[in-house]
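A short write-up of the structure that comes next.
Protein chains in written order, with the UniProt record's numbering: chain A, 1 to 582; chain B, 1 to 97.
Have a look at this one:
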């Protein structure tokens, strides 16, 4: 083994020789006792390049650096203490308890110029007010004992809400449900007699008056629905009259399809134009009318066939039996609980028929009729004030009739500019009625306060209005138009309830007008009788001269007709249009 | 001059219904009064504060405005206060009904 240089610490080599023939041999290890191969001593020279360092204590912790700092407001010490202040303001040299000082100070102030000047300035003002107080008592409540005057009536009709039919069908009927928060039921149908449009939707809606966007419920009659009525006391049962003459009964709670319906063979032959509940304690009977000329009575529980039927034939000649050929088509019905055995029927030919169900023969049942309108009678309704007075509308006019007067309406108003489609009395206010017309205007009349024109008019829609139904409490009114919009109108307070004397005044008007008509009638009859009596003796005298008698007779008839015409002209002038209350 | 002031006060006090007249200076001391001391001091102290408040109300609402007169009507009497630059004149009157 070669010796190598001590001191070159970095490098250390160990060189050895190995015979070539021993290359690749397996190394054979031997256990050899420990022996020092090399030892490196420290170099003292290097010591001089280093200096001893001061011992350092250092604590180390592996966390984020954090610090803490607190503040506080300056403390204000508060202390509660009372002050007894009796008198103050005196200058420092004047003592409070020294009367002399006080007086002296006072006198000194009084002698100042300023003081005197101020007093003299303030004097006139204060004297004025003292005198004023002595003269009148300014602060009394004036007019305390004046009575309050009655508030001025302001009529106001506003559209509260609009409910639109998504299919834009005209409104065919409106009804209010009989519950505390009443809902509006509306049926929509194009009123064509041919049921050709099979793609017409028949769905009808129940609207919550506060929710405008979508109906609360829907129900779908099998065919187009022309009339809908809500059951009294039960708000979920609806009865609908359809375009094919059948009835559908719905229970809204159950489903939107009819619960029961009448068979087409036992129902009307034409669309149902009127549907009304009749008086019965069980609230199950109703009757319907239709242009086929008959009225059918039904029981809601069993719709297989009607309970009763009545042919509305009034113009019977001699011994003609009532049949479908001579009956009048029914366009509206009216039934009032106050007269349970009678009802009114408006026909397509413009008659209003007064019917009594308790009659024994056909002519007793259909007691009398009036020639009401030139077109079909669109609505008939008895007045809530007097049951013997009823209102009807049709063509361009609205007329009020009395049951006792057969010849003419007792109250008429000027004809409207367009057709009147529906009319009804205000439910709680005896003197008012409402009408809707084809030009989209809602009219509200008050017969006592203004009789030449409506007290309130509102242009509700651009299209014609065709149905009107007030809520029984009178405040809200549902009005339907020709494109399916259902308007909810609100009336102001004074249009809902009656004034104190309204009922009396209305009765007076009724009595007066009926009497007037009676008087006119009797006068007419007298005139006619007089005419007839006068012409008879002249006819007898001319019997001998037959040649001249014919000419004379003709002349006399002509004269007679002329005088009758004159009389009619005079009296008719009062009848046409205007009437005076006094 | 001082006599005139005295005269004025006396005249005011003899008007119908007037209970008393008090003149109060800027510091709140009753300078001249026709009522007794105790009552005058009360009126003086209370009225000064109220007049200052009223004046500040009027001036705050409209700086160009100023208080001209103050009347306090109570059930039993009416207190009328005429404010001036340095003094205030208080008159207590009973309503004559």
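We treat Cβ as the ideally placed atom computed from N, Cα and C, and that holds for glycine.
Asked, Found
"Compare the Cα-Cα distances from residue 385 (chain A) to each of A:510, A:299, A:459 and report the closest residue.", "A:510"
"Would you check if the segment 484-492 of chain A and the segment 176-196 of chain A touch, i.e. whether three or more CB-CB distances between them fall below 8 angstroms?", "yes"
"If contact is defined by three or more beta carbon pairs under 8 angstroms, each pair taking one atom from either stretch, is the segment 295-309 of chain A in contact with the segment 395-403 of chain A?", "no"
"Take the Cβ of residue 174 (chain A) as the centre, count every other Cβ of all protein chains shown within 10 Å, and call the residue buried at 16 or more, exposed below.", "buried"
"Rounded to the nearest angstrom, what separates residue 392 (chain A) and residue 286 (chain A) at their Cα positions?", "22 angstroms"
"May I ask you to report which of helix, strand or coil DSSP gives residue 581 (chain A)?", "At residue 581 (chain A), the pLDDT of 41 sits below 50, so the modelled position is not reliable; the number obtained from the coordinates is stated separately. In the structure shown, residue 581 (chain A) sits in coil (DSSP, three-state: anything other than H, G, I, E or B)."
"Mind checking which residues open and close the alpha helix (DSSP H) that includes residue 335 (chain A)?", "No alpha helix (DSSP H) holds residue 335 (chain A); the beta strand (DSSP E) holding it covers 330-335."
"Taking C-beta to C-beta, are residue 411 (chain A) and residue 334 (chain A) nearer than 8 angstroms?", "no"
"Among A:458, A:426, A:461, A:464, whose alpha-carbon lies nearest the alpha-carbon of residue 447 (chain A)?", "A:426"
"Could you tell me the distance, in whole angstroms, from the CA atom of residue 564 (chain A) to the CA atom of residue 375 (chain A)?", "28 angstroms"
"Just to confirm before moving on: does the CB-CB distance between residue 348 (chain A) and residue 320 (chain A) stay below 8 angstroms?", "no"
"Given residue 153 (chain A), which residues of its chain have a CB within under 6 angstroms of its CB, disregarding the five upstream and five downstream residues?", "494"
"To which residues does DSSP link residue 346 (chain A) through a beta bridge?", "A:332, A:352"
"So the alpha helix (DSSP H) residue 43 (chain B) belongs to, where does it begin and stop?", "37-61"
"Using a C-beta to C-beta distance shorter than 7 angstroms, which residues of chain B count as neighbours of residue 125 (chain A)?", "69, 82"
"Is the Cβ-Cβ distance between residue 441 (chain A) and residue 479 (chain A) less than 8 angstroms?", "no"
"Would you say residue 86 (chain B) lies against chain A (beta-carbon separation less than 8 angstroms)?", "yes"
"For the alpha helix (DSSP H) containing residue 146 (chain A), name the first residue and the last one.", "Run containing residue 146 (chain A): none; DSSP gives neither H nor E here."
"Note down, in chain order, every chain C residue with its Cβ under 8 angstroms from the Cβ of residue 32 (chain B).", "Any reference to chain C falls outside this structure, whose protein chains are A and B."
"In this structure, how does DSSP classify residue 560 (chain A) when only helix, strand and coil are distinguished?", "helix"
"Listing by chain order, which chain A residues have their CB less than 8 angstroms from the CB of residue 65 (chain B)?", "Result: empty, since nearest Cβ-Cβ is about 17 angstroms, beyond 8 angstroms."
"Along chain A, in chain order, which residues have C-beta atoms closer than 8 angstroms to that of residue 54 (chain B)?", "Chain A residues near residue 54 (chain B): none, gap ~16 angstroms exceeds 8 angstroms."
"Suppose the cutoff is 6 angstroms on Cβ atoms and the five residues either side in sequence are ignored; what does the same chain contact list for residue 506 (chain A) look like?", "385, 430, 431"
"Would you say residue 212 (chain A) and residue 163 (chain A) are within 8 angstroms of each other, going by their C-beta atoms?", "yes"
"Could you check whether the Cβ of residue 28 (chain B) sits closer than 8 angstroms to any Cβ belonging to chain A?", "yes"
"Please list, in chain order, the residues of the segment 59-91 of chain A that have any C-beta partner in chain B closer than 9 angstroms.", "85, 86, 87, 88, 89, 90, 91"
"Among A:30, A:553, A:491, A:560, which has the Cα closest to the Cα of residue 444 (chain A)?", "A:491"
"Among residues of its own chain, excluding the 5 on either side of residue 60 (chain A), which ones have a beta-carbon nearer than 8 angstroms to its beta-carbon?", "none"
"Quick check: what's the CA-CA separation for residue 147 (chain A) versus residue 135 (chain A)?", "27 angstroms"
"Within 10 angstroms of its Cβ, does residue 111 (chain A) collect 16 or more other Cβ (buried), or is it exposed?", "exposed"
"Let me check one thing: in DSSP terms, what residues is residue 33 (chain B) bridge-paired to?", "B:22"
"Short of 6 angstroms in beta carbon distance, which residues of its chain neighbour residue 229 (chain A), apart from the five on each side in sequence? Order them along the chain.", "175, 239, 275"
"Closer than 7 angstroms by beta-carbon distance: list the chain A residues that pair up with residue 73 (chain B), in chain order.", "139"
"In chain B, which residues lie less than 7 angstroms from residue 97 (chain A) when you measure between Cβ atoms?", "Ordered by position in chain B, no residue passes the 7 angstroms Cβ test against residue 97 (chain A), which lies about 12 angstroms from the chain."
"Count the other C-beta atoms from every protein chain shown that fall within 10 angstroms of the C-beta of residue 543 (chain A), then say buried if there are 16 or more, exposed otherwise.", "Low confidence applies here, because residue 543 (chain A) scores a pLDDT of 49, under 50, leaving its location unreliable; read the following figure in that light. Exposed: under 16 other Cβ atoms inside 10 Å."
"Can you look up residue 292 (chain A) in the DSSP assignment and give me helix, strand or coil?", "coil"
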